[in-house]
Amino acid sequence: MELEPILLPGIEPKRPIVIAGPCSAETEKQVMETARQLASKGIRIFRAGIWKPRTKPGGFEGVGVEGLAWLKEVKRETGMYVATEVATAKHVYEALKQGIDLLWIGARTSANPFAVQEIADALKGVDIPVLVKNPVNPDLELWIGALERINNAGLRRLAAIHRGFSSYDKKIYRNLPQWHIPIELRRRIPELPIFCDPSHIGGKRELIASLCQQAMDLNFDGLIIESHCNPDAAWSDAAQQVTPDILDYILNLLVIRKETQTTENLNELRHQIDECDNTLIEVLAKRMRVCREIGTFKKEHDMTVLQAGRYNEILEKRGAQGAACGMDAGFVKKVFEAVHEESVRQQMEIINQ
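Going left to right, the sequence shown walks through residues 2 to 354 as the working numbering numbers them.
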């Protein structure tokens, strides 16, 4: 992708870039009061949802075009940049007409290539920063595809928003972070800025601070956080919004660590990691050679590849061994599930030769 810096004029190029404001623009009074409070805390980019896609009908689905005039007034009075979500070509046209400075594409929209293409077509010839949230489900290719569609329309100031992934089993988080997916996105497109949306990942305001810190520790570029002048009275997602005062407190507590470290001690430790990785590869290669011998034996004796009892025994024993060595048993189980999958693949090749 051809990308350019996403920074708007006057925004300092340091982590984190913060975008904050209410989940939804509800009334002009609520928008202006929240914006004034955030501006007093040094926030430079104000966000508010104008059109709100809801899971079920009957809920508050946004004030619509009327709210864009409120954002325009926020911009005039406070000098902040303003941002909102767009899900259709009509949304794009209305937002651009009112001078909105930054747009984002939501998770439900980024999951639909037809909808993303419609937005991309509406943005052709426009130079505006666009942020793309990850799709609802953990599909990295779909996420990259949405970014590429916008990029192919000629937009160069792009960024990704990590807002977590939906899961049928709700546990601590509203949306599971699955940090390895944005980490892989960073590996694939290193020049692409990544923002974290701790409000939607956590779903509860008490989780926001720790999620912000995790994002900074993973070298994310920015944060997009829902902040409301009276969160408990919010018309949408009340539980995950914080007051501007609390947001300021959270941001001031963040520890922003250096991206790089070139001390001799760290280089030595990295050298040790490389040696460990080389040993792991050699041991795995040896294990696969033994697995292929087992595959040959099974073929000669007309045995099935999968031996469920043995597989369960491996997972239970290795999980316990890992826990005894200070590792998470679930992590060790995942490692050996992957190892077993490759073992089965290699044995299947032998049996079907």
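Even glycine gets a Cβ: it sits at the ideal position worked out from N, Cα and C.
- Contact check between the stretch 170-180 and the stretch 147-156: fewer than three CB pairs, one atom from each, fall below 8 Å, which does not count as touching.
- With distances taken between CA atoms, N231 lies nearest to S25 out of C326, L281, A154 and S25.
- Around the CB of Y169, fewer than 16 other CB atoms lie within 10 Å, so the residue is classed as exposed.
- Taking C-alpha positions only, V340 is separated from C292 by approximately 11 Å.
- Taken in chain order, no unbroken stretch of beta strand (DSSP E) lies wholly in the stretch 253-340 with a span of 3 residues or more.
- Setting aside the 5 residues that flank it on each side, V333 is surrounded in the same chain by R319, G320 and G323, each with a C-beta closer than 6 Å to its C-beta; the list follows chain order.
- K125 carries a coil assignment under DSSP once its states are collapsed to helix, strand and coil.
- V93 and V137 have their C-alpha atoms roughly 21 Å apart.
- Its chain contains no residue whose beta carbon lies nearer than 6 Å to that of R189 once the 5 sequence neighbours on both sides are disregarded.
- Judged by their CB atoms, A36 and T79 are nearer to each other than the 8 Å cut-off.
- Burial state of G107 is buried, judged by a 10 Å Cβ sphere holding 16 or more other Cβ atoms.
- A contact is defined here as three or more CB-CB pairs under 8 Å, and the stretch 10-20 meets this definition with respect to the stretch 213-231.
- As the crow flies, the alpha-carbon of E86 is around 5 Å from that of W105.
- By the criterion of a C-beta distance shorter than 8 Å, C213 is surrounded in its chain by P17, C197, P199, L224, I226, I251, L252 and L255, once the five residues flanking it on both sides are discounted.
- Here A240 is near G204, since their CB atoms are less than 8 Å apart.
- The C-alpha of R158 is placed about 21 Å away from the C-alpha of A112.
- Leaving aside the five residues that flank V75 on each side, the residues in its chain whose CB is nearer than 7 Å to its CB run, in chain order, V32, M33, A36, F47, M81 and V83.
- Classified as exposed, D122 has fewer than 16 neighbouring CB atoms from the shown chains inside 10 Å of its CB.
- Per DSSP, reduced to three states, the secondary structure at Y250 is helical.
- G65 and D233 have their alpha carbons spaced roughly 22 Å apart.
- Contact check for L132 against I162 passes: the beta carbons are separated by less than 8 Å.
- At the C-beta level, R164 and N176 come within 8 Å of one another.
- The straight-line gap separating the alpha-carbon atoms of P10 and G68 is approximately 24 Å.
- Residues of the same chain with a CB within less than 6 Å of the CB of I7, apart from the 5 flanking positions on each side, are P130, R158, A160 and P194 in chain order.
- Nearest Cα to Q308 within the set R77, Q348, P191 and G43: Q348.
- For P114, the closest C-alpha among the options G100, L143, I101 and K125 is that of L143.
- By the 16-neighbour rule on beta-carbons within 10 angstroms, N152 is buried.
- Judged by their CB atoms, G22 and S228 are nearer to each other than the 8 Å cut-off.
- Separation of M217 and R258 (C-alpha to C-alpha, rounded to the nearest whole angstrom) is 8 Å.
- Excluding its 5 nearest sequence neighbours in each direction, K42 has C-beta neighbours in its own chain below 6 Å: P245 and D249, listed in chain order.
- In the DSSP assignment, the residues bridged to Y82 are I46.
- Distance from the CA atom of L72 to the CA atom of I101, rounded to whole angstroms, is 8 Å.
- Going by beta carbons, G50 and G59 fall outside the 8 Å limit.
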